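A.B. asks: Got a structure here, written out as structure tokens. Questions coming.
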Amino acid sequence: MSIHRYFDRFGGAYVAEVLRRPLEELDEAFAAAMADRAFLAELDTLRADFIGRPTPLLHAANASRENGGAQIYIKMEGLAHTGAHKINNAIAQALLAKRMGKTRIIAETGAGQHGLATASACARLGLECTVYMGEVDVRRQQPNVAAMELYGATVVPVLSGSRTLKDAINEAMRDWAASFADTHYLIGSALGPAPFPDMVRTFQSVIGLETEAQAAEKGLKIDALVACVGGGSNAIGFFSPFIDRASPRLIGAEAGGVGPATGENAVRMTGTAASDGIIHGYKSRFLVDSDGQVAETRSISAGLDYPGIGPQLAALGESGRIEFTGISDSDALDAVKFFARTEGVIFALESAHAGAAALAEAGKLPKDAVVIVNMSGRGDKDIFITSPVFRPVQWRDFLKAELERLESGMDIHVFGGKK
């Protein structure tokens, strides 16, 4: 049985009877795999040769100079294969599932990065893959949908509820309850029923362990680590080696959306809108409405609009070990532009929340202080969201021209009627 089923008063496994056996099977298989040198060696090989680890720790010297205050470093998880930290957990769980004799993987995804990572891992390991995705997210993350299908996955749009991540999780849970004999549910964030929070944190801790080693190699004394928090897989992996120490400060950036009112953001650890609840098989803090139902959320980033938060992050926030802050959509967009211009690095919209929080924190600290921000993903996937904001006229003209070309059947290599 995994060690960490509860994190203070959060966590646990609150599931229907039918899911208890597959969770126990997974718990036992995870513990056995982590004690098996052959499994860990195969995982290390996949991390090096398939993911491309270690990812760099970049000194953002230009950004630090222009921002003023502390030196900012960027952990470049966006350079991992498939463009985000999600692949760390996806390839590890897929390898575990294959060891368990499973032939099919199901997953749910919001921003599409977890779905993309899962589809890629399944292609690599020869596993069938189905990804549930809210219809709203399918529309705003089309590049990732196209890539998932290219990897051979079946993407199922979810039309129920708010048609976002929480509804995709419901559909994936229903599928797993009927298919666990040959299917593994590959949860992408450090949430859900035990042992998923412990397992995802373990597989994502590679981010924090690398950061610790790279900072030591550079002779850095870290003052603060900053990560964005939706469900929280990148944050808990990044913070993991440092949790039981008094320093550095650990800062989580949530989606402040467009305002403080319920339905305008996805802030669970600050403000007064969130409360304790048991949803999707675990106890944590959730945004709920006046009737006690899961509340609608809003964020420009598809990966941060989940109404709940991983149970260990909730516990660490409540104890004060992790400090939380809400970052607005507009501040996140400003951070995307700032790091692109100063460092040649385009943050994903999720990671840009951490980037904005890092800029704010660094500005308060002296120049010899060190702030490290986890760029959990890169912004290629967000082009359909950021282009209408950053260059609306050019983007509109491009889409109109592209639609006309597609409707006319014109070859893409023909421009203005001429090759």
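Read in order, the letters of the sequence shown correspond to residues -1 to 417 in the numbering used here. Cβ atoms here follow ideal geometry from the backbone N, Cα and C, with glycine treated the same way. These numbers come from a predicted model, not from an experiment.
Assuming contact is defined by CB atoms lying nearer than 8 Å, are L41 and A90 in contact in what I supplied?
C.D. replies: Taking the first residue of the sequence shown as 1, we reach residue 41 at position 43. Taking the first residue of the sequence shown as 1, we reach residue 90 at position 92. Contact annotation: L41 and A90 have beta-carbon atoms nearer than 8 Å.
A.B. asks: Mapping the DSSP letters down to three states, classify R51 as helix, strand or coil.
C.D. replies: Counting from one through the sequence shown, the residue named residue 51 turns up at place 53. If DSSP states are grouped into helix, strand and coil, R51 belongs with coil.
A.B. asks: Would the stretch 383 to 401 and the stretch 100 to 114 be scored as touching if the rule is three or more Cβ pairs under 8 Å?
C.D. replies: no
A.B. asks: Distance, Cα to Cα, Q291 vs M146?
C.D. replies: Here residue 291 is taken as the residue at index 293 of the sequence shown, counted from 1. Here residue 146 is taken as the residue at index 148 of the sequence shown, counted from 1. Taking the straight line from one Cα to the other gives about 32 Å.
A.B. asks: Could you compute how far the alpha carbon of K216 sits from the alpha carbon of H57?
C.D. replies: Locating residue 216 in the sequence shown gives position 218, where the first residue counts as 1. Locating residue 57 in the sequence shown gives position 59, where the first residue counts as 1. Going from the Cα of K216 to the Cα of H57 covers about 10 Å.
A.B. asks: Going straight from the alpha carbon of L94 to that of F8, what length do you get?
C.D. replies: On the sequence shown, position 96 is the one that residue 94 refers to. On the sequence shown, position 10 is the one that residue 8 refers to. One C-alpha to the other measures close to 26 Å.
A.B. asks: If you count every other CB in all the chains shown that lies within 10 Å of the CB of S374, and 16 or more means buried, which is it?
C.D. replies: Position 376 of the sequence shown, counting from 1, holds the residue named residue 374. Looking at its Cβ environment, which holds 16 or more other Cβ atoms inside 10 Å, S374 is buried.
A.B. asks: How is E26 classed by DSSP in three states: helix, strand or coil?
C.D. replies: For the purposes of this step, residue 26 is taken as residue 28 along the sequence shown, with counting starting at 1. The answer is helix: DSSP assigns E26 an H, G or I state.
A.B. asks: Where D289 and G275 are concerned, what is the direct C-alpha to C-alpha distance, given to the nearest angstrom?
C.D. replies: Residue mapping note: residue 289 aligns to position 291 of the sequence shown, counting from 1. Residue mapping note: residue 275 aligns to position 277 of the sequence shown, counting from 1. C-alpha separation (whole angstroms): 13 Å.
A.B. asks: Quick check on DSSP: helix, strand or coil for G407?
C.D. replies: Here residue 407 corresponds to residue number 409 of the sequence shown, with the count starting at 1. Reduced to three states, the DSSP call for G407 is coil.
A.B. asks: Quick test of the definition: if touching needs 3 or more C-beta pairs under 8 Å, does the stretch 172 to 188 touch the stretch 135 to 142?
C.D. replies: no
A.B. asks: Where does Q139 sit, in a helix, a strand or coil, going by DSSP?
C.D. replies: Residue numbering aside, residue 139 sits at position 141 when the sequence shown is read from its first letter. DSSP places Q139 in coil when its eight states are reduced to three.
A.B. asks: Report the three-state DSSP secondary structure of Q69 (helix, strand or coil).
C.D. replies: Your numbering for residue 69 matches position 71 in the sequence shown. Of the three classes helix, strand and coil, the one that applies to Q69 here is strand, per DSSP.
A.B. asks: Identify the continuous alpha helix (DSSP H) that holds M425 and give its terminal residues.
C.D. replies: Residue 425 lies beyond the stretch modelled for the chain, which goes from -1 to 417, so this question has no answer here.
A.B. asks: On the DSSP letters alone, give me the boundaries of the beta strand (DSSP E) that P155 sits inside.
C.D. replies: As a first step, residue 155 must be located in the sequence shown, where it is residue number 157. Segment 152 to 156, the beta strand (DSSP E) holding P155.
A.B. asks: Please report the straight-line C-alpha distance between D221 and R247, rounded to a whole angstrom.
C.D. replies: Here the question's residue 221 lines up with position 223 in the sequence shown. Here the question's residue 247 lines up with position 249 in the sequence shown. In this model, D221 and R247 are separated by some 6 Å (Cα to Cα).
A.B. asks: Considering only the alpha carbon of each residue, which of D332, E294, P390, V256 lies closest to G324?
C.D. replies: One-based indexing of the sequence shown puts residue 324 at position 326. Nearest option by C-alpha distance: V256.
A.B. asks: For C226, write down the residues that DSSP places opposite it in a beta bridge.
C.D. replies: Position 228 of the sequence shown, counted from the first residue, corresponds to residue 226. Beta-bridge pairing links C226 to A251.
A.B. asks: Going by the beta-carbon positions, is the gap between N372 and N232 smaller than 8 Å?
C.D. replies: On the sequence shown, residue 372 is found 374 positions in, with the first residue counted as 1. On the sequence shown, residue 232 is found 234 positions in, with the first residue counted as 1. Yes, Cβ-Cβ distance for N372 and N232 is below 8 Å.
A.B. asks: Please determine if the stretch 317 to 337 and the stretch 25 to 45 are in contact, where contact requires at least 3 C-beta pairs separated by less than 8 Å.
C.D. replies: Contact fails between the stretch 317 to 337 and the stretch 25 to 45, because fewer than three Cβ pairs, one in each stretch, are under 8 Å apart.
A.B. asks: Check whether the stretch 358 to 373 touches the stretch 122 to 130, counting contact only when three or more Cβ pairs, one atom from each stretch, lie closer than 8 Å.
C.D. replies: no
A.B. asks: Give me whichever residues DSSP pairs with E321 in a beta bridge.
C.D. replies: Mapped onto the sequence shown, residue 321 falls at position 323. Paired residue(s): I249.
A.B. asks: Using a Cβ-Cβ cut-off of 7 Å (strictly less than) and excluding sequence neighbours within five positions of G301, which residues of its own chain qualify?
C.D. replies: Against the sequence shown, residue 301 aligns to sequence position 303. Here the set comprises G108, A109, Q111, G228, E348.
A.B. asks: Between A14 and the rest of its own chain, which residues show a CB-CB distance below 6 Å, the 5 nearest in sequence each way excluded?
C.D. replies: Looking up residue 14 in the sequence shown gives position 16. For A14, where only same-chain residues beyond five positions count, there are no Cβ hits under 6 Å.
A.B. asks: Report buried or exposed for L219, applying the criterion of at least 16 other Cβ atoms within 10 angstroms of its Cβ.
C.D. replies: Taking the sequence shown and counting its residues from 1, one reaches residue 219 at position 221. Note on identity: in this sequence residue 219 is Lys, with Leu being the wrong assignment. With fewer than 16 Cβ atoms within 10 Å of its Cβ, K219 is classed as exposed.
A.B. asks: Per DSSP, what are the beta-bridge partners of S429 in this structure?
C.D. replies: Because the chain is modelled from -1 through 417, residue 429 falls outside the range shown and cannot be assessed.
A.B. asks: Going by DSSP, which residues form a beta bridge with M32?
C.D. replies: For the purposes of this step, residue 32 is taken as residue 34 along the sequence shown, with counting starting at 1. Among the bridge pairs identified by DSSP, M32 is matched with none.
A.B. asks: Taking 8 Å as the cut-off, does the stretch 349 to 369 touch the stretch 203 to 211 (at least 3 CB pairs, one atom from each stretch)?
C.D. replies: Taking a cut-off of 8 Å for Cβ pairs, the stretch 203 to 211 and the stretch 349 to 369 do not touch, as fewer than three such pairs fall below it.
A.B. asks: Is the stretch 181 to 199 touching the stretch 305 to 313, taking contact as three or more C-beta pairs under 8 Å?
C.D. replies: yes
A.B. asks: Quick one: Cα of A68 to Cα of D6, how far?
C.D. replies: Within the sequence shown, residue 68 is the residue found at index 70, counting from 1. Within the sequence shown, residue 6 is the residue found at index 8, counting from 1. Distance between the alpha carbons of A68 and D6: 34 Å.
A.B. asks: Classify R283 as helix, strand or coil using the three-state DSSP reduction.
C.D. replies: Translated into positions along the sequence shown, residue 283 becomes position 285. Strand at R283.
A.B. asks: So, under 8 Å CB-CB, A78 and G124 are touching, yes? Tell me the CB distance rounded to an integer number of Å.
C.D. replies: Residue numbering aside, residue 78 sits at position 80 when the sequence shown is read from its first letter. Residue numbering aside, residue 124 sits at position 126 when the sequence shown is read from its first letter. Actually they do not touch by this definition, with Cβ atoms about 21 Å apart.
A.B. asks: Go ahead and label T101 buried or exposed: buried means 16 or more other beta carbons lie within 10 angstroms of its beta carbon, across all protein chains shown.
C.D. replies: Residue mapping note: residue 101 aligns to position 103 of the sequence shown, counting from 1. Exposed is the call here.
A.B. asks: Answer yes or no: do Q202 and N86 have a C-beta to C-beta separation smaller than 8 Å?
C.D. replies: On the sequence shown, position 204 is the one that residue 202 refers to. On the sequence shown, position 88 is the one that residue 86 refers to. Here Q202 is near N86, since their CB atoms are less than 8 Å apart.
A.B. asks: Nearest to I298 by alpha carbon, out of V204, I277, A253?
C.D. replies: Residue mapping note: residue 298 aligns to position 300 of the sequence shown, counting from 1. Cα-wise, what sits closest to I298 is A253.
A.B. asks: Is G10 near the ligand FAD, in the sense that its beta carbon is under 7 Å from a heavy atom of that ligand?
C.D. replies: The ligand FAD is absent from the structure shown, which contains no ligand whatsoever.
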